[in-house]
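Protein chains in written order, with UniProt numbering: chain Z, 1 to 249; chain E, 1 to 249; chain D, 1 to 249; chain C, 1 to 249. Where a beta carbon is used, it is the ideal one built from N, C-alpha and C, also for glycine.
Protein chains: 4
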Amino acid sequence: MGRDAFAEQYERGAEWPLTVAAVLFLVAYSWPVMEPFMAEGLRHACSVAAVAIWAVFACDFLLRLALARRRLRFLREHVVDLLVLALPLLRPLRVLRVVTALGRLNRRAASSLRGRAIVYVIGGVGLLGFTAAVAVLDAERSQPSANIKNFGDAAWWAVTTITTVGYGDRFPTTGAGRIAGVGLMLGGIALLGVVTAALASWFVEHVARQERDEADLREQVSALVEEVRALRAELGRSPSELESNEPGR
Amino acid sequence: MGRDAFAEQYERGAEWPLTVAAVLFLVAYSWPVMEPFMAEGLRHACSVAAVAIWAVFACDFLLRLALARRRLRFLREHVVDLLVLALPLLRPLRVLRVVTALGRLNRRAASSLRGRAIVYVIGGVGLLGFTAAVAVLDAERSQPSANIKNFGDAAWWAVTTITTVGYGDRFPTTGAGRIAGVGLMLGGIALLGVVTAALASWFVEHVARQERDEADLREQVSALVEEVRALRAELGRSPSELESNEPGR
Amino acid sequence: MGRDAFAEQYERGAEWPLTVAAVLFLVAYSWPVMEPFMAEGLRHACSVAAVAIWAVFACDFLLRLALARRRLRFLREHVVDLLVLALPLLRPLRVLRVVTALGRLNRRAASSLRGRAIVYVIGGVGLLGFTAAVAVLDAERSQPSANIKNFGDAAWWAVTTITTVGYGDRFPTTGAGRIAGVGLMLGGIALLGVVTAALASWFVEHVARQERDEADLREQVSALVEEVRALRAELGRSPSELESNEPGR
Amino acid sequence: MGRDAFAEQYERGAEWPLTVAAVLFLVAYSWPVMEPFMAEGLRHACSVAAVAIWAVFACDFLLRLALARRRLRFLREHVVDLLVLALPLLRPLRVLRVVTALGRLNRRAASSLRGRAIVYVIGGVGLLGFTAAVAVLDAERSQPSANIKNFGDAAWWAVTTITTVGYGDRFPTTGAGRIAGVGLMLGGIALLGVVTAALASWFVEHVARQERDEADLREQVSALVEEVRALRAELGRSPSELESNEPGR
């Protein structure tokens, strides 16, 4: 019981520091890539910071594993976290944790499932696009036959990929760059899917509401007609008509 | 109260003149771009007209800001208008105001949410495509290494981008051209999303209506069966059957 | 009245012959394009047949215009037919009339709105793809700088365009070819939209049905529980329990 | 009756062996394609195994045809199986049988229509992508003018095609490769359609549930208000108020 309480407290207390650490990691990773003529000392500081933050995340993972009641199940449920820790290529993806934090901040959007999905996908797609642009630039810059050589080209490539336009004026040629591209393409399918689905459910909802309002109006009108008919029947005192004044449908 | 009444009257009175001004701005902006061998005088007149209309929109913005009750809130709500005023690249977007005006004209489509969304997106995508084609031509024509050199190529590029086909035979190479391209791609996602969502909600609506009609029919048939059974029971005068003639199910 | 009856009879009687004529037109138009080394006599026969069938459609249009009660309204409603007659580029689109005829044949699919939409879009997209491939080949073959020079390339280009993949290994370079491409791209958006929307409405329908079935089951179970409780109460003859045996919800 | 019982027993007993055979066929087909410097003996063994498994599937088809009650109807319903048997190009598609088997294993997803559709499409798209990459590599490798020469390029091409990005840095140039490409494009449309439709129906379901819950709450609140009003009226013993305590809506 004491272990569970501590685990919960740790979870709550560590969320914001780890989110800030994820942002710092992205800065430490992307700044030297975007600025090719950086002072050597700063470049070194960035790579030290990246390793240090990686160590923080590794400690966090091990601590949470130690605190977990069922360790095998914890590993199975956090296999993505483990991959992000283990594979250098996936490390920048840690920044996607910011989206979850953002979603928790934006209370109004988070109250509806649709709003939350939109916040998550748009935020996630934005961060994914930036991260993939940096990763592709990092992988391609040193290749002589590559065609993505500065951050402007990398960002342009990321946008044409995520929207599935794909001109082909810029494209990755290395394995690492292509893996970043596959991530972007899947993000693009998610983006298009969520935008379309949110619009569709919004249309369906409004059409249903309009129809319900119309049905209500029709019911009220027919009730009114009944009232008027009953009144007329009573005034005319024709008993045969009085008997037949049931709702006519 | 007097200020509010004046603000409302101004809003209503200025709508159509400003829409016309937006169209004139697009003409003054796009004509010299599309016609490279224009007489120098006419070209000069167009650029003067563009600046004059820009000044009209700036005055309109300042006047509405002065009339607003809560100025900070007005600025926050009209940040897009402010950007369109301030950034030369975004100026042609002012013509999107025509779509709102069109939507207000087309009363029949505007009565349903779906119809309004379709009118807005198709009108907006058309204007966006034309504007982006002009902007890209303006940005690329003077670049020696660019591949969009006449309006035909620019329009073809705009269509391949908005439909997310993206052959890559024509693509922007300058920063301004790429920004126009990003606008088109987002417009293309909106176009595909709205078309699909409108179709989906139309299908859902018709399937639901068909099912409701079927349920009504089934109910009427079962009521009829009840009637016939009651009649037969009454004719046979079997009291035990009379008792059990409640609607089954 | 006599004119209206004749108009209706003509409409019904002319439908199938005109559909056959539309197919023959497509054959007479596409065969010489696909077979570059055709005998001169056959090529001449094809072009004569195409002109003759064009004349048949022109007569049909004029006859229906003459039979129409309100001619201006007829022209407004048949502006697409008029464009297809007048513009040589659009003539092959006449074959889309086959889709309507097919939709009428396929009774089972036609009974549901969704089935009809799918038949129309898939049939229309197939015919549009074939027609656009022929049109692009016709337009591009004689251009020295073009890259679509045989029917295989044209068909491949049509498929990559309609699915919005757009590699850019083949693309139209002439105005006529680009117009065919725009038609294909719009067809591709319609194809993707209808496929997605049909799937979405199918999912929505089944989820709703499943939920209704579940609610029915729950209702029956709670009625059963009521019955059992009432029985037990009666057996125990506890009047206080008997009073409280209302459905508990 | 004996024949039918045997047919059913055969169907059940042969399912898993045939699924394993389909996987082995894919291995025997794709391994030599992916490994260009394979030992000659192993290459020969693979091609023998492929022919042997093909023979197993042919025997299975003939046996099921012999066991069928109505043979023409069986042929009509299994025309895809027949095509896969007869056309060498389509043979690797046999592995799609694994998806059906997987769908049967995954009981939880299979219980809902939507879950089943997602499992089928994602599994099918994955297998289709792998199969198409192998087929394209097989077709293109020997062409001097082709640009897909190793499995990495083929897999990258498959991903860019299925997501409809289509850069055009890699594309098939042979007939067989283009047929594989068309299969991938149709798979990509299905993928995008199913993802979007599943999201849309999920949103629609949750919005409807939320609205129903809200309506329930409103009903309960209004019932409570009624109760309180009745109580107050009874305490005050004002008969006029007691009469008017009908639900106010």
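In this structure, how does DSSP classify residue i when only helix, strand and coil are distinguished?
i	result
PRO36 of chain D	coil
PHE57 of chain E	helix
LEU87 of chain Z	coil
THR163 of chain E	coil
ALA101 of chain D	helix
VAL20 of chain D	helix
residue 260 of chain Z	Given a span of 1 to 249 for chain Z in the structure shown, any question on residue 260 of chain Z remains unanswerable.
THR173 of chain D	coil
LEU113 of chain E	helix
HIS44 of chain E	helix
SER30 of chain D	helix
GLY13 of chain C	helix
PHE25 of chain C	helix
GLY124 of chain Z	helix
ARG69 of chain C	coil
GLY129 of chain C	helix
ARG141 of chain C	coil
GLY168 of chain D	coil
ARG249 of chain C	For ARG249 of chain C, the predicted model reports a pLDDT of 38, less than 50, meaning its position is unreliable; a value from the coordinates is still stated below. If DSSP states are grouped into helix, strand and coil, ARG249 of chain C belongs with coil.
PHE6 of chain E	helix
Going by C-alpha distance, which of the options is nearest residue i?
i	options	result
ILE179 of chain E	E:ILE148, E:ALA135, E:ALA22, E:PHE151	E:ALA135
PHE151 of chain Z	Z:THR196, Z:VAL165, Z:ARG170	Z:ARG170
THR131 of chain D	D:ASP216, D:ILE162, D:ILE53	D:ILE162
ARG3 of chain C	C:ARG64, C:LEU186, C:GLU35	C:ARG64
ILE122 of chain D	C:ILE189, C:ALA146, C:SER201, C:LEU96	C:ILE189
LEU67 of chain D	D:CYS46, D:THR100, D:GLU8	D:GLU8
LEU18 of chain E	E:ALA39, E:TRP54, E:CYS46, E:PHE6	E:TRP54
ARG69 of chain D	D:ASP216, D:CYS46, D:TRP157, D:PHE6	D:PHE6
GLY126 of chain D	D:GLN143, D:GLU40, D:TRP202, D:VAL98	D:VAL98
ALA58 of chain E	E:VAL204, E:LEU82, E:LEU217, E:GLU35	E:LEU82
What does residue i touch in chain D if you count any residue whose Cβ is under 7 Å from its own?
i	result
GLU205 of chain C	VAL207
TRP156 of chain E	ARG178
THR182 of chain C	Strictly speaking, residue 182 of chain C in this sequence is Val, with Thr absent from that position. Going along chain D in sequence order, the residues near VAL182 of chain C (Cβ under 7 Å) are VAL159.
Using the beta-carbon of each residue, which ones in chain E are nearer than 9 Å to residue i?
i	result
residue 251 of chain D	Since the displayed chain D opens at 1 and closes at 249, residue 251 of chain D lies outside it and no answer follows.
At 7 Å on the CB atoms, spell out the chain Z contacts of residue i, in chain order.
i	result
THR173 of chain D	Simply none; closest approach about 17 Å.
Would you mind telling me which residues of chain C sit closer than 7 Å to residue i, beta carbon to beta carbon, in chain order?
i	result
TYR167 of chain D	GLY166, GLY168, PHE171
SER201 of chain Z	ALA200, PHE203, VAL204, VAL207
Going along chain E in order, which residues have a C-beta closer than 8 Å to the C-beta of residue i?
i	result
THR163 of chain Z	THR164, MET185, LEU186, GLY188, ILE189
THR196 of chain C	THR196
Can you list the residues of chain C that residue i reaches, using a CB-CB cut of under 8 Å?
i	result
VAL23 of chain Z	Within 8 Å Cβ-Cβ: nothing; VAL23 of chain Z doesn't reach chain C, min ~29 Å.
Tell me, to the nearest whole angstrom, how far the beta carbon of residue i is from that of residue j; I am working on the premise that it is less than 8 Å.
i	j	result
VAL159 of chain Z	GLY129 of chain Z	7 Å
THR196 of chain D	ALA197 of chain C	6 Å
LEU90 of chain D	GLY193 of chain C	In fact, because the Cβ distance is near 30 Å, the residues do not count as touching under 8 Å.
ALA50 of chain Z	ALA28 of chain Z	4 Å
VAL33 of chain C	ASP153 of chain C	No, VAL33 of chain C and ASP153 of chain C are not in contact; Cβ-Cβ is about 13 Å, not under 8 Å.
VAL165 of chain C	GLY166 of chain Z	4 Å
LEU113 of chain D	HIS206 of chain E	5 Å
Using the beta-carbon of each residue, which ones in chain Z are nearer than 8 Å to residue i?
i	result
LEU192 of chain C	ILE189, LEU192, GLY193
Please list the partners that residue i has in chain C, where partner means a Cβ-to-Cβ separation under 9 Å.
i	result
ARG114 of chain Z	PHE203, HIS206, VAL207
Which chain Z residues are close to residue i, counting only those with a beta carbon under 9 Å from its beta carbon?
i	result
GLY152 of chain C	GLY175, ARG178
Going residue by residue through the region 177 to 247 of chain E, where are the continuous alpha helix (DSSP H) segments of at least 4 residues, counting only ones entirely within it? Unbroken alpha helix (DSSP H) stretches of 4 residues or longer found wholly inside the region 177 to 247 of chain E: 239 to 243, given in chain order.
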